[in-house]
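Trainee: One structure coming up, written as structure tokens, with questions to follow.
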Amino acid sequence: MNSQTDQLPISRPTVSFESILRHLSATRVYLWLGGLSLILLVFLTPPFQVPDEPQHFYRSYQLSELQVWRAEGKAGSAVPASLPELVQHFMGTIAFHSFREVPRQRLVDTLAELHRPLDAQRMAYFDMSGIQSYAPLPYIPQALAIAAGRAMDVGPLGLLYMGRLANALVAGLITAFAIALLPFGRTVALVVALLPMTLFQTASVSPDALTIASALLFTAVMARFLVDGEWPRARQATAFVSGLVMCIVKVVYLPLLFAGLGAMLGARQFSDPKIRRSVYMQLAAAVVIIVLSALWFWSTHAAQAPGPATVNLA
Numbered sequence: 161m162n163s164q165t166d167q168l169p170i171s172r173p174t175v176s177f178e179s180i181l182r183h184l185s186a187t188r189v190y191l192w193l194g195g196l197s198l199i200l201l202v203f204l205t206p207p208f209q210v211p212d213e214p215q216h217f218y219r220s221y222q223l224s225e226l227q228v229w230r231a232e233g234k235a236g237s238a239v240p241a242s243l244p245e246l247v248q249h250f251m252g253t254i255a256f257h258s259f260r261e262v263p264r265q266r267l268v269d270t271l272a273e274l275h276r277p278l279d280a281q282r283m284a285y286f287d288m289s290g291i292q293s294y295a296p297l298p299y300i301p302q303a304l305a306i307a308a309g310r311a312m313d314v315g316p317l318g319l320l321y322m323g324r325l326a327n328a329l330v331a332g333l334i335t336a337f338a339i340a341l342l343p344f345g346r347t348v349a350l351v352v353a354l355l356p357m358t359l360f361q362t363a364s365v366s367p368d369a370l371t372i373a374s375a376l377l378f379t380a381v382m383a384r385f386l387v388d389g390e391w392p393r394a395r396q397a398t399a400f401v402s403g404l405v406m407c408i409v410k411v412v413y414l415p416l417l418f419a420g421l422g423a424m425l426g427a428r429q430f431s432d433p434k435i436r437r438s439v440y441m442q443l444a445a446a447v448v449i450i451v452l453s454a455l456w457f458w459s460t461h462a463a464q465a466p467g468p469a470t471v472n473l474a
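Positions 161 to 474 (the working numbering) are the ones given, in order, by the sequence shown.
Structure follows, in structure tokens:
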């Protein structure tokens, strides 16, 4: 016997990406999906296949020895000869930005290079004029990891992987914190953080990893301020440090330091003395960041690049 209720259509709940994210924290999604992707990319991306990674590797090694500025007025530094030799092995050349056919490498051959010794006594001078003006801040994780690796007698390829892993770990944690801090737009931030190019750059020794993560964190802090109008010292420090890291290498990001302030200047809340004081403090911090960035670039401007790319000093 069929009743009218038996003939009613059964409604099935629709499943969408947005509905899934309502039940899953965007931060948790990034930590699991992004974290797994970063770990895989650190080790599966062939050595020096990330744009400009050889130069960033040299710069990270230089900073691991606390060589911040140029040596003898030249935009370069003495590094172990095994570093450019490793680049030559995997890339077929040590020239910057040259068209080349990358040699094919079997995985077993790549792993064999882990046994190549650093041989820090055999040095070579290398031109780093393209990145000598890059400030040390976004290289700190890589430099610390390489310094630890040198203390453990790790070879050059092992140092590269250690630098990649440290960079990905720090940038990934900053990105996760930024997503959690956002009062709105977490899905958009999650999508940006999980873009293939974002993950690809983060899983390298490139300073772009911390630059992107710091930009997300700065955006999150400013968005939170626009929502609740609170500007405690912790947020001030976070905004200052993230803004400095964001702009000290990529000066084109300097206008972002004033993001959101225009909206606050024209808002009704600006009549509140506390809000007005917070805006003035952020404006002052932005000016300090601009001055520090200008001073850094001025201090490195006079560097003269040597003629040949590499000169053996042994």
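Glycine included, every Cβ here is placed at the ideal spot set by N, Cα and C.
1) Determine the direct distance from the alpha carbon of Leu278 to that of Val314, and round the result to whole angstroms.
2) Of the choices Gln209, Leu317 and Pro240, whose alpha-carbon is the least far from that of Leu271?
3) Just curious, the alpha helix (DSSP H) that Tyr221 is in, first and last residue?
4) In whole angstroms, give me the CA-to-CA distance for Thr398 and Ala419.
5) Name, in chain order, the residues that DSSP records as bridge partners for Ala238.
6) Could you give the DSSP three-state label for Val447: helix, strand or coil?
7) Assess contact between the segment 326-340 and the segment 294-305, defined as three or more Cβ pairs (one per stretch) separated by less than 8 Å. Is contact present?
8) Are the beta-carbon atoms belonging to Ala446 and Thr379 less than 9 Å from one another?
9) Could you pull out every residue in the same chain whose Cβ sits closer than 7 Å to the Cβ of Arg437, ignoring the five residues on either side in sequence?
10) Would you grab the beta carbon distance between Ala476 and Leu376 for me? Rounded to a whole angstrom, and I think it's under 8 Å.
11) Measure the beta-carbon distance from Leu370 to Pro298 and round it to whole angstroms, keeping in mind my assumption that it falls under 8 Å.
12) Using the beta-carbon count (16 or more within 10 Å), is Gln281 buried or exposed?
13) Quick check: what's the CA-CA separation for Leu123 versus Val411?
14) For Ser366 and Val228, which I take to be in contact (beta-carbon distance under 8 Å), what is that distance rounded to the nearest angstrom?
15) What does the alpha-carbon distance come out to for the pair Ile300 and Leu198?
16) Identify whether Leu278 lies in helix, strand or coil by the three-state DSSP scheme.
17) Is it buried or exposed for Arg188, if we count other Cβ within 10 angstroms and need 16 for buried?
18) DSSP three-state call for Glu261: helix, strand or coil?
19) Mind reading off the beta-carbon distance from Phe208 to Val239? Whole number of angstroms is fine, and I expect it under 8 Å.
20) Cutting at 7 Å between CB atoms, please list the residues of its own chain near Gly332, excluding the five before and the five after it.
21) Less than 8 Å between the CB atoms is what I'm expecting for Ser237 and Gln222, so what's the real figure, rounded?
22) Quick one: residues in its chain with C-beta nearer than 7 Å to the C-beta of Ser185, no 5 flanking neighbours on either side, listed in chain order?
23) Note down, in chain order, each residue of its chain lying with its Cβ closer than 8 Å to the Cβ of Val448, except the 5 sequence neighbours on either side.
24) Since Tyr321 is in the alpha helix (DSSP H), which residue starts that stretch and which ends it?
25) Considering just the uninterrupted stretch of the alpha helix (DSSP H) at Phe203, what are its terminal residues?
26) Is there at least one Cβ from chain B nearer than 9 Å to Gly194's Cβ?
27) Would you please state the rounded distance, in angstroms, between the beta carbons of Pro433 and Val387? I believe it to be under 8 Å.
28) Could you check what DSSP says for Ile254 in three-state terms: helix, strand or coil?
29) Give me the Cβ distance between Leu359 and Leu191, rounded to the nearest whole Å; I'm assuming they're in contact under 8 Å.
30) How long is the line joining the alpha carbons of Leu319 and Gly309, rounded to whole angstroms?
31) Do Ala295 and Pro244 have their beta-carbon atoms positioned less than 9 Å apart in this structure?
32) How about Phe256 and Pro206: do their beta carbons lie closer than 9 Å?
Mentor: From the atom records:
1) So the two alpha carbons sit approximately 7 Å from each other.
2) Of the candidates Gln209, Leu317 and Pro240, the residue whose Cα lies closest to the Cα of Leu271 is Leu317.
3) DSSP places Tyr221 inside the alpha helix (DSSP H), whose first and last residues are Glu213 to Ser224.
4) Whole-angstrom Cα-Cα distance: 15 Å.
5) Answer by DSSP bridge pairing, in chain order: Tyr285.
6) Of the three classes helix, strand and coil, the one that applies to Val447 here is helix, per DSSP.
7) Segments in contact, yes.
8) For Ala446 and Thr379, no; Cβs fall outside 9 Å.
9) There are no such residues.
10) Residue 476 cannot be examined here, being either before or after the span of the chain that is shown, 161 to 474.
11) Distance from Leu370 to Pro298 at the Cβ level is roughly 4 Å; contact confirmed, criterion being Cβ atoms closer than 8 Å.
12) With fewer than 16 other Cβ atoms within 10 Å, it is exposed.
13) Any question about residue 123 goes unanswered here, given that the chain covers just 161 to 474.
14) At roughly 19 Å, the Cβ-Cβ gap does not stay under 8 Å, so Ser366 and Val228 are not in contact.
15) Inter-residue distance for Ile300 and Leu198 is about 18 Å (C-alpha atoms, whole angstroms).
16) Coil, per DSSP.
17) Counting Cβ neighbours within 10 Å, Arg188 comes out exposed, since fewer than 16 surround it.
18) In this structure, Glu261 counts as coil in the three-state DSSP scheme.
19) About 15 Å separates the CB atoms of Phe208 and Val239; that is not less than 8 Å, and the two are not in contact.
20) Within the same chain, Gly332 has close Cβ partners Gly194, Gly195, Leu198 and Thr362.
21) So it is a contact: roughly 5 Å between Cβ atoms.
22) Around Ser185: no qualifying Cβ.
23) Contacts found: Phe400.
24) Here the alpha helix (DSSP H) through Tyr321 covers Pro316 to Leu341.
25) Where Phe203 is concerned, the enclosing alpha helix (DSSP H) stretches over Gly195 to Leu204.
26) The displayed structure is made up of one protein chain only, and chain B is not part of it.
27) About 19 Å separates the two Cβ atoms, so there is no contact after all.
28) Coil at Ile254, not helix or strand.
29) Taking 8 Å as the upper bound for CB-CB distance, Leu359 and Leu191 are not in contact here, some 13 Å apart.
30) Answer to the nearest angstrom: the Cα atoms are 6 Å apart.
31) Their beta carbons are not under 9 Å apart, which means Pro244 does not touch Ala295 by this criterion.
32) Inclusion of Phe256 and Pro206 in the CB contact set at 9 Å is not warranted, their separation being larger than that value.
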